[in-house]
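K.L.:
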Amino acid sequence: MGGWAIAVHGGAGIDPNLPTEKQEEAKLLLTRCLNLGISALRSNLPAIDVVELVVRELETDPLFNSGRGSALSENGTVEMEASIMDGPKRRCGAVSGLTTVKNPISLARLVMDKSPHSYLAFSGAEAFARQQGVELVENEYFITEENKGMLKLAKEANSILFDYRVPIAGLESCTAVAAAVDSPLQMNGLPISIYAPETVGCVVVDSQGRCAAATSTGGLMNKMSGRIGDSPLIGSGTYACNLCGVSCTGEGEAIIRGTLARDVAAVMEYKGLGLQAAVDYVIKERLDEGQAGLIAVSKDGEVACGFNTNGMFRGCATQDGFMEVGIWN
Amino acid sequence: MGWAIALHGGAGDIPLSIPPERRLPREAALRHCLHVGVEALKAQNHPLDVVELVVRELENHPNFNAGRGSVLTTSGTVEMEACIMDGKTKKCGAVSGVTTVVNAISLARLVMEKTPHIYLAFDGAEAFAREQGVALMDSSYFITSENVERLKQAKEANRVQLDYTQPLSKDEKKQTLTADGDSQIGTVGCVAVDQHGNLATATSTGGFVNKMVGRIGDTPIIGAGTYANNLCAVSATGKGEAIIRGTIARDVAALMEFKGLSLEEAAAYVVEAAPAGTVGLVAVSATGEVTMPFNSTGMFRACATEDGLSEIGIWHSSQN
Chain A
1 MGGWAIAVHG
11 GAGIDPNLPT
21 EKQEEAKLLL
31 TRCLNLGISA
41 LRSNLPAIDV
51 VELVVRELET
61 DPLFNSGRGS
71 ALSENGTVEM
81 EASIMDGPKR
91 RCGAVSGLTT
101 VKNPISLARL
111 VMDKSPHSYL
121 AFSGAEAFAR
131 QQGVELVENE
141 YFITEENKGM
151 LKLAKEANSI
161 LFDYRVPIAG
171 LESCTAVAAA
181 VDSPLQMNGL
191 PISIYAPETV
201 GCVVVDSQGR
211 CAAATSTGGL
221 MNKMSGRIGD
231 SPLIGSGTYA
241 CNLCGVSCTG
251 EGEAIIRGTL
261 ARDVAAVMEY
271 KGLGLQAAVD
281 YVIKERLDEG
291 QAGLIAVSKD
301 GEVACGFNTN
311 GMFRGCATQD
321 GFMEVGIWN
Chain B
1 MGWAIALHGG
11 AGDIPLSIPP
21 ERRLPREAAL
31 RHCLHVGVEA
41 LKAQNHPLDV
51 VELVVRELEN
61 HPNFNAGRGS
71 VLTTSGTVEM
81 EACIMDGKTK
91 KCGAVSGVTT
101 VVNAISLARL
111 VMEKTPHIYL
121 AFDGAEAFAR
131 EQGVALMDSS
141 YFITSENVER
151 LKQAKEANRV
161 QLDYTQPLSK
171 DEKKQTLTAD
181 GDSQIGTVGC
191 VAVDQHGNLA
201 TATSTGGFVN
211 KMVGRIGDTP
221 IIGAGTYANN
231 LCAVSATGKG
241 EAIIRGTIAR
251 DVAALMEFKG
261 LSLEEAAAYV
271 VEAAPAGTVG
281 LVAVSATGEV
291 TMPFNSTGMF
301 RACATEDGLS
311 EIGIWHSSQN
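Protein chains in written order, with UniProt numbering: chain A, 1 to 329; chain B, 1 to 320.
#1: At the level of alpha carbons, what is the spacing between L7(B) and A317(A)?
#2: Assuming A26(A) contacts F313(A) (C-beta within less than 8 Å), just tell me the rounded distance between them.
#3: Ordered along the chain, which non-local residues of its own chain (more than five positions away) have a Cβ less than 7 Å from that of Q23(A)?
#4: In three-state DSSP terms, what is M292(B)?
#5: How long is the line joining the alpha carbons of Q166(B) and K114(A), rounded to whole angstroms?
#6: Where G10(A) and A94(A) are concerned, what is the direct C-alpha to C-alpha distance, given to the nearest angstrom?
#7: Which partner residues of V246(A) appear in the DSSP bridge assignment?
#8: Taking Cβ-Cβ distances shorter than 8 Å, what residues in chain B pair up with K271(A)?
#9: Please name the residue, chosen from Y119(A), L273(A), V55(A) and A266(A), that lies closest to E198(A) on a Cα-to-Cα basis.
#10: Rounded to the nearest angstrom, what separates A228(B) and S43(A) at their Cα positions?
#11: Along the stretch 109-124 of chain B, where does the CB come closer than 8 Å to a CB of chain A? Name the residues.
#12: With 16 other CB atoms within 10 Å as the buried threshold, where does Q291(A) fall?
#13: Opposite A94(A) in the DSSP bridges: which residues?
#14: Could you check whether the Cβ of residue 341(A) sits closer than 7 Å to any Cβ belonging to chain B?
#15: Can you tell which of H61(B), L48(B) and V55(B) has the C-alpha that lies nearest to the C-alpha of P25(B)?
#16: By the three-class DSSP mapping on this structure, what secondary structure does K259(B) have?
#17: Start and end of the alpha helix (DSSP H) containing E81(B)?
#18: Give me the residue from T99(B), V252(B), A154(B) and D218(B) with the minimum Cα distance to L263(B).
#19: Straight-line CA distance for L58(B) to Q319(B)?
#20: My understanding is that V191(B) touches V282(B), with C-beta atoms under 8 Å, so please give their C-beta distance in whole angstroms.
#21: Output needed in chain order: residues of the stretch 224-241 of chain A with a Cβ under 7 Å from some Cβ in chain B.
#22: Short of 9 Å Cβ to Cβ, which residues in the stretch 113-137 of chain A face chain B?
#23: Tell me which residues of the stretch 250-262 of chain A have at least one Cβ-Cβ distance to chain B shorter than 7 Å, keeping chain order.
#24: Counting only runs of 3+ residues fully inside the stretch 182-236 of chain B, write out the beta strand (DSSP E) ranges in chain order.
#25: Taking buried to mean at least 16 other C-beta atoms within 10 Å of its own C-beta, is L162(B) buried or exposed?
#26: Is H117(B) helix, strand or coil when you go by DSSP?
#27: Could you work out which residues of chain A lie near R23(B), taking near to mean beta carbons separated by less than 9 Å?
#28: Locate the alpha helix (DSSP H) running through I244(B), then write down its first and last residues.
#29: With H, G and I counted as helix, E and B as strand and the rest as coil, what does DSSP make of F162(A)?
#30: Are V203(A) and S236(A) closer than 7 Å when you measure CB to CB?
#31: List the residues of chain B that V267(A) touches, going by C-beta distances under 7 Å, in chain order.
#32: By the DSSP assignment, the alpha helix (DSSP H) with residue 368(A) in it spans what residues?
#33: In this structure, what does DSSP give as the bridge partners for C92(B)?
#34: Could you tell me whether the Cβ atoms of A121(A) and S96(A) are closer together than 7 Å?
#35: Can you give me the Cβ contacts of V267(A) inside the same chain, cut-off strictly under 6 Å, excluding the 5 residues immediately before and after it?
#36: Is the CB of A254(B) under 7 Å away from at least one CB in chain A?
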């Protein structure tokens, strides 16, 4: 038994022109979340409680794309989703289409603990939230000025690139699109500066070797209303079993096709690879053209991360004193 | 090598004593749908088109829990979900919370082909359906009198079971399981491979009786109820929560890919590892093998291969 370990992420794929003060802000937040998790682990909280606690903190801070600060749908509203999984019995809970729940990850936990189901969405999930008495806020609470501006830019860029009803012509007439075409850094066809990839997640193994994973997001900027991404899907964005815990971020559709989170565990289980080798294998072999990243911990107290993007907001720590917060490759 | 097809109409606690008036129409429907699929494969249709076609037929049949004949939520409404995936490209589409779309599987196909996303749900999925001009019907089209009765029975039996604040006693659980006896947790699905090794899978469901509004099961989740790659195509059925937890459909493929198991070995391993009574699946491999294991009492199923195998079954082979 290797003691506890924790990793957090704030999304893979980063605008290379991200201002330095924003980078510092992100590092501070990641450090604060790590410390919160470390204290909880030292107090012997089980892994499942620690991942929930840390993701709540990330949701509550407006910096990343989850909870407050979530990316906006094409209607200018916020539709959040989250999932959580407890390794020992592979219990799991997920939610999608939340518009008023302050901390989606905690509702996912309640779906796991207090409902006969694994996954509730949209009005049914909101009704469950009211019934459970979780903290609710107006949709405006989640919407930041910065994201309003990003949605506007995304709409300009997207009106041609993303709208399947409009043939791709006259690309040069749109400045945002011109920028997109010029920029080598795109995710899901969007220039990275307006893509808002900053899904959040946390994976933990506690000192008893129990793994857990949690992921939360506002989804894709300018997404169609009703769009579900990888974050709430067990096996895609989130997975935990008795071997490891995994949380993914990046292009949702590529992560879903690659069943990325489950595959880290599956190559450990069926191919006998170690944690870091499994993470590397999955990033290399299971993403095709897609761009994504992930964090993972093993029951033996190892921690690993991997990404094929230019960077990933991430931090990790282990019981033997290792601690690291990073952004770039 | 050669084409192969398998389809299912749900796995669960199907009593051996199921009366002929319940059994015969389902067997006839399985036979009909198998015929439709086989003819389409013989006519060189792409497996993606074949699985969509066959699942549409199953959705249209009121005796299966998908499309018309979907079971009802606790509010007495229908909320359907479906998922389709192409093996070679791993392109996929899924929908949940659909209430007026006659063929949910075709909407999933449209999500795959006409949107930048994979998965649309509830109002957004309905809005997309209207925009795409697919066939829509009032909810009364989907609701059968049999399912109204089923919900009533489930509510009586389930009152305590679904109220998680109270412990569940054994007797009540028993009562729930025998309340109706067939298709309570049913789902429909089809997998197909052509002689070129192109693979596809499709799954569609109404969920389960008396489910909470907004509940999503395993069917629309890639890797859980539905998965295809260049090795195999899988469609699972049974208890959604167990299938999600076990990432059942992906695991069949993962065992072939990472452990080198055959289709039959991989599928058997996955089904045996799941809790008894929770999982069934149909699967085909790129080389034209077919397998249909389940660990429940029964599974409505059918399959055929190019070299002449053709089978329709409900219970384990010795019991059929």
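Cβ atoms here follow ideal geometry from the backbone N, Cα and C, with glycine treated the same way.
P.N.:
Taking the definition as stated:
#1: 48 Å
#2: 5 Å
#3: Excluding the 5 residues flanking it on each side, Q23(A) has same chain C-beta neighbours closer than 7 Å at I327, in chain order.
#4: coil
#5: Confidence at Q166(B) is low in this model, with a pLDDT of 38, below 50, so its placement is unreliable and the value that follows should be read with caution. C-alpha separation (whole angstroms): 11 Å.
#6: 19 Å
#7: Y239(A) and A296(A)
#8: F258 and K259
#9: V55(A)
#10: A228(B) and S43(A): Cα-Cα distance of roughly 44 Å.
#11: K114, T115, P116, H117, I118, Y119, L120, A121, F122, D123 and G124
#12: buried
#13: Answer by DSSP bridge pairing, in chain order: S83(A) and Y119(A).
#14: Outside the shown range of chain A (1 to 329) lies residue 341(A), about which nothing can therefore be said.
#15: Considering only alpha carbons, the answer is H61(B).
#16: Of the three classes helix, strand and coil, the one that applies to K259(B) here is helix, per DSSP.
#17: Going by DSSP, E81(B) is part of no alpha helix (DSSP H) but of the beta strand (DSSP E) stretching over M80 to D86.
#18: V252(B)
#19: 24 Å
#20: About 5 Å separates the beta carbons of V191(B) and V282(B), which is inside the 8 Å limit, making them a contact pair.
#21: M224, S225, G226, R227, I228, L233, I234, G235 and S236
#22: Those residues of the stretch 113-137 of chain A that come within reach of chain B (Cβ to Cβ, closer than 9 Å) are D113, K114, S115, P116, H117, S118, Y119, L120, A121, F122, S123, G124, A125, E126, A127 and F128.
#23: E253, I256, R257, T259 and R262
#24: 188-193, 199-205 and 226-228
#25: Any reading at L162(B) is ruled out, since the residue's pLDDT is 40, under 50, leaving its predicted position unreliable.
#26: Correct three-state label for H117(B): coil.
#27: Correct list: empty, because the minimum Cβ distance to chain A is about 29 Å.
#28: G240 to R245
#29: Below a pLDDT of 50, predicted positions are generally treated as unreliable, and F162(A), at 38, falls in that range; the measurement from the model is reported next regardless. Here F162(A) sits in coil by DSSP.
#30: no
#31: F258
#32: The requested residue 368(A) is not part of the displayed model; chain A covers only 1 to 329.
#33: M85(B)
#34: yes
#35: L273, A278 and Y281
#36: The beta carbon of A254(B) falls within 7 Å of a beta carbon belonging to chain A, placing the residue at that interface.
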